[in-house]
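Taking the working numbering as reference, the numbering of the sequence shown is continuous, increasing by one, and the terminal residue is 956. Don't be surprised by glycine CBs; every beta carbon is placed ideally from N, CA and C. Note that the coordinates shown come from a computational prediction; the quantities given were computed from them, not determined experimentally. Single-structure report; data block below.
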Amino acid sequence: MITVVLADDEKLIRAGLKKILLDSIDIPLEIIEAKNGQEALELCQEKQPEILITDIRMPVMDGVELMKNISQLEEVRRPAIIVLSGYDDFSYAKAAIQSGALSYILKPVDKKELITAVNSAIMDSLKEEKERNEEKFRQIIEKGRLDGVSGLPEITIKNGLRCIVIYGKNSIQALEAVMQGRRYYVIEQTKNSVLIVYPFDGQEVKYEESYLDTYIVGISGPADDYSMLRTMKRQAMTAAMQGFFNAENGEILKDKRRGGLYFWENDRHISDFTTLDEIYEKMIGHCDIASPEETQADVAQFINCFTENAKLNSETLYYLYRKITSNMFSRYPGYTDSDMYLHIKSIMIENIFEYATLEEWQSSVMDYAVYLSALLKQNTKESPYITEALAFIKTHFKKNINMAMVANQVSVNYTWFSEKFKEHTGVNFNEYLKRLRIDEAKKLLEKGTYKVYEVAERCGFSDVKYFMKIFREETGMSPTEWSKKHES
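Dropping the structure here:
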């Protein structure tokens with residue numbers, strides 16, 4: 469529904485204009501009449517219409533003053549303005565243009581000219597509304613919640629919402645052909661991919677077979693409101709990653725990934741990636757000291773953990789993808805941002821669907837990890853005290869140590885050591901020490917022979933409550949829950 473405020477001091481003119489608009493505009497309109505500029509201004513403040521059609525000459529407040537007041541409104545949507553005037557006076561046209569009027573139409577009003585101007589204003593308004601909503605949706609995905617995001621369209625949708633992701637050349641053009649006039653919002657877009665959310669109208673989107681030969685399409689499960697946007701994005705992208713696997717046996721496709729339509733279905737799913745996390749932490753934890761062969765073996769173990777089920781494999785692949793692009797790349801920003809090879813390689817890896825096969829993508833991940841490992845070891849050689857410091861920390865992390873103690877141990881300046889340590893490890897001293905202690909705590913808890921306070925003491929935590937707080941922040945579980953889970 470588009471709201472229009474129609475301001476003119478002559479009742480018959482208002483009635484005539486209203487009839488023209490209602491008879492000629494296809495989109496539903498709510499037309500509110502005002503007999504002077506003051507009424508029109510109040511209506512614009514209260515109703516926040518998309519369009520204002522106003523005469524220039526009116527009592528109480530004329531059209532020029534009305535437009536000036538509207539241009540000064542804050543925290544209120546300003547309408548597109550169409551000016552009507554019986555006076556062919558350049559000063560009025562100039563004032564209208566300065567106030568941001570979309571069109572200036574002389575009386576007697578030409579019907580076609582009015583309809584053209586209103587249709588143009590409607591299209592501009594719909595486009596602006598769509599862009600505003602898309603930005604709100606991006607905020608929801610980033611935050612993972614609705615907090616602080618107001619004015620969303622149709623918070624509760626009759627038939628639910630869907631997310632669609634499309635990968636392929638000129639995907640946005642293909643999307644427009646597929647949606648065929650349906651309302652949708654673009655959440656993310658690159659040259660060859662687009663992610664949208666749309667209110668489901670009860671009818672499935674139809675795709676031609678030739679289209680599916682070229683594009684990979686992932687479709688999320690349904691959701692009731694926009695707070696599920698982040699989940700729907702994950703579901704759509706996970707579904708699309710089935711294109712890298714054989715649907716019958718779950719094997720990685722040796723030839724080119726397959727285009728097609730892939731749905732997220734509410735059947736069996738992976739609920740825990742703890743083991744994969746442990747493999748990743750082991751891989752990333754000693755890439756600064758591992759040989760190229762050891763690094764390759766570590767990465768291979770991490771990126772080749774698939775089963776005989778293509779749908780479960782797509783979930784694993786999406787988790788791997790997120791772990792690499794959101795953790796590995798950001799763990800050593802001093803290298804990824806400054807080294808051109810790593811920077812370009814990271815961009816390539818992020819665009820996973822640009823690869824013809826999954827094996828090519830895995831090869832790029834391997835290249836990135838081996839090259840990063842070489843840089844880290846080179847840095848260690850250039851700063852031998854870092855190697856000595858790391859060895860000291862790994863030997864004494866169960867004791868009450870701090871960075872000043874370690875810097876003193878390797879006989880270097882505290883500030884200099886702090887900068888070099890973070891440059892080499894990707895994290896500050898306290899974060900590095902915390903990770904070592906938490907990793908040790910996991911191992912002790914899995915044995916099931918120690919009480920929580922004993923584990924805290926053996927890992928260097930003097931305060932058991934602090935240990936329990938940090939452990940939950942890092943793992944999402946309490947120490948007791950972790951122990952019971954791995955015991956079972």
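Handout entry: Reference N627; option with closest CA among F668, T804 and E908
Key = The residue you call residue 627 lines up with position 159 of the sequence shown. The residue with the shortest Cα to Cα distance from N627 is F668.
Exercise for the section: Count the other CB atoms, across all protein chains shown, that sit within 10 Å of the CB of G649; report buried if there are 16 or more and exposed otherwise. Expected result: Start at 1 with the first residue of the sequence shown, and residue 649 comes out as number 181. So G649 counts as exposed.
Problem - Stretch-stretch touch, CB-based, cutoff 8 Å, three pairs: the segment 503-510 with the segment 520-535 - result: yes
Problem - Secondary structure of Q513, DSSP reduced to three states - result: As a position in the sequence shown, residue 513 is number 45, starting the count at 1. Note: Q513 maps to helix in three-state DSSP.
Handout entry: Helix, strand or coil at E538 according to DSSP, with G and I counted as helix
Key = Sequence index remark: in the sequence shown, residue 538 carries index 70 (1-based). Residue identity differs from the one stated: residue 538 is Ile in this sequence, not Glu. The answer is helix: DSSP assigns I538 an H, G or I state.
Exercise for the section: Helix, strand or coil for G753, going by three-state DSSP, please let me know. Expected result: Residue numbering aside, residue 753 sits at position 285 when the sequence shown is read from its first letter. Three-state result, G753: helix.
Exercise for the section: Could you check which residue in E762, K867, I820 and L826 has the C-alpha nearest to that of A837? Expected result: Numbered from 1 along the sequence shown, position 369 holds the residue referred to as residue 837. The residue with the shortest Cα to Cα distance from A837 is E762.
Problem - Reduced DSSP category for Q769 - H, G, I as helix; E, B as strand; rest coil - result: As a working note, residue 769 is residue 301 in the sequence shown. Of the three classes helix, strand and coil, the one that applies to Q769 here is helix, per DSSP.
Exercise for the section: Give the single residue among V767, L729 and R545 whose Cα lies nearest to the Cα of N706. Expected result: Looking up residue 706 in the sequence shown gives position 238. Note that residue 706 is Thr in the sequence shown here, rather than Asn. Closest option to T706, Cα to Cα, is L729.
Exercise for the section: Could you tell me if L480 is buried or exposed, where buried requires 16 or more neighbouring beta carbons within 10 angstroms of its beta carbon? Expected result: Within the sequence shown, residue 480 is the residue found at index 12, counting from 1. Looking at its Cβ environment, which holds fewer than 16 other Cβ atoms inside 10 Å, L480 is exposed.
Problem - Check whether F770 and M751 have beta carbons under 8 Å apart - result: As a first step, residue 770 must be located in the sequence shown, where it is residue number 302. As a first step, residue 751 must be located in the sequence shown, where it is residue number 283. Taking C-beta atoms as the reference points, F770 and M751 count as a pair closer than 8 Å.
Problem - Pair within 8 Å by beta-carbon distance, A778 and A715 - result: As a position in the sequence shown, residue 778 is number 310, starting the count at 1. As a position in the sequence shown, residue 715 is number 247, starting the count at 1. It is a contact, given that the beta carbons lie within the stated cut-off.
Problem - Coarse secondary structure for V473, derived from DSSP in three states - result: By 1-based counting over the sequence shown, the position of residue 473 is 5. Under the three-state reduction of DSSP output, V473 falls in the strand class.
Exercise for the section: Count the other CB atoms, across all protein chains shown, that sit within 10 Å of the CB of M535; report buried if there are 16 or more and exposed otherwise. Expected result: Against the sequence shown, residue 535 aligns to sequence position 67. Buried, since its Cβ has 16 or more Cβ neighbours within 10 Å.
Practice task
Could you please give me the residues that DSSP links to I499 through a beta bridge?
Solution key: Sequence index remark: in the sequence shown, residue 499 carries index 31 (1-based). Answer is V472.
Problem - Assigned secondary structure, G894 (DSSP; H/G/I helix, E/B strand, else coil) - result: Translated into positions along the sequence shown, residue 894 becomes position 426. Reduced to three states, the DSSP call for G894 is coil.
Exercise for the section: Please name the residue, chosen from A842, L541 and L552, that lies closest to R482 on a Cα-to-Cα basis. Expected result: Within the sequence shown, residue 482 is the residue found at index 14, counting from 1. Of A842, L541 and L552, the residue nearest in Cα terms is L552.
Handout entry: Same chain, Cβ closer than 7 Å to A412, five either side skipped, listed in chain order
Key = Residue 412 cannot be examined here, being either before or after the span of the chain that is shown, 469 to 956.
Practice task
Could you check how far apart the C-beta atoms of D931 and E749 are, in whole angstroms? I think they sit under 8 Å.
Solution key: Counted from its first residue, the sequence shown places residue 931 at position 463. Counted from its first residue, the sequence shown places residue 749 at position 281. Not confirmed; about 24 Å, so no contact.
Exercise for the section: Along the beta strand (DSSP E) that carries T658, what are the first and last residues, could you check? Expected result: Reading the sequence shown from its first residue, position 190 is the one you call residue 658. Per DSSP, T658 belongs to the beta strand (DSSP E) from Y653 to T658.
Problem - Boundaries of the beta strand (DSSP E) in which L520 is found, first to last residue - result: Taking the sequence shown and counting its residues from 1, the one referred to as residue 520 is at position 52. I519 to D523 is the span of the beta strand (DSSP E), which, as asked, contains L520.
Practice task
Could you please give the first and the last residue of the uninterrupted alpha helix (DSSP H) stretch that includes A875?
Solution key: Taking the first residue of the sequence shown as position 1, residue 875 is located at position 407. Where A875 is concerned, the enclosing alpha helix (DSSP H) stretches over M871 to Q877.
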